[in-house]
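Colleague: Below is one structure. I have some questions about it.
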Amino acid sequence: YAFPTYGAVISGIQYSGERSAIESPNLRHECRSIAEEKMDIKWVEDFISLAQTRNFSRSAEDRHVTQSALSRRIRSLEAWVGTDLVDRSTYPLTLTPAGKLFSTTASEAVRLLHDARRSCPGRACTREATIHAGRQLCA
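This is the structure in structure tokens:
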């Protein structure tokens, strides 16, 4: 089974979800500058899965990605949000207070996005859209 690859561009170099971890002290800062502009809904779906399973391995298996790819995607989401969502120092892992708030709001947002897509007659809606939420995701 070939796992899907999702790319990210960091400092002009494309990295895919299937490559080994990128070791860089500036990675969080580099991801942050990219993440400020775009966020992939798969990151949110990964986070929701992780919030439910409380286990990177199980969540990666459920999402059909490698554990390292899932971890990078969660870090990218955290960079986009601007705070840690997961406390990785506990087992099973726990959500931070911001992660708990984000999980509730993000689950509803993903559900609404999927509902909106299904409501498009003949799937005539475009694949890309800008969504403006009227609710703050994290305090």
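Under my numbering, think of the first position of the sequence shown as 1382, with each following residue one higher. All C-beta atoms in this analysis are idealised placements derived from N, C-alpha and C, irrespective of residue type, glycine included.
1) Could you say if the stretch 1452 to 1468 and the stretch 1425 to 1437 meet the contact criterion of at least three C-beta pairs nearer than 8 Å?
2) Tell whether a beta-carbon distance below 8 Å holds between Thr1477 and Asp1465.
3) Measure the alpha-carbon distance for Arg1454 versus Pro1502 and round it to whole angstroms.
4) What does DSSP give as the partner residues of Gly1468 in its beta bridges?
5) In angstroms with no decimal places, state the Cα-to-Cα distance between Ala1479 and Ser1500.
Modeller: On the basis of the supplied data:
1) Taking 8 Å as the limit for Cβ pairs, the verdict is that the stretch 1425 to 1437 does touch the stretch 1452 to 1468.
2) The residue you call residue 1477 lines up with position 96 of the sequence shown. The residue you call residue 1465 lines up with position 84 of the sequence shown. The answer is yes: Cβ separation under 8 Å.
3) As a first step, residue 1454 is located in the sequence shown; it is residue number 73 there, counting from the start. As a first step, residue 1502 is located in the sequence shown; it is residue number 121 there, counting from the start. C-alpha of Arg1454 to C-alpha of Pro1502: approximately 32 Å in a straight line.
4) Counting from 1 along the sequence shown, the entry for residue 1468 is found at position 87. Before going on, a small fix: residue 1468 reads as Asp here, not Gly. Beta-bridge pairing links Asp1468 to Thr1475.
5) Here residue 1479 corresponds to residue number 98 of the sequence shown, with the count starting at 1. Here residue 1500 corresponds to residue number 119 of the sequence shown, with the count starting at 1. Taking the straight line from one Cα to the other gives about 31 Å.
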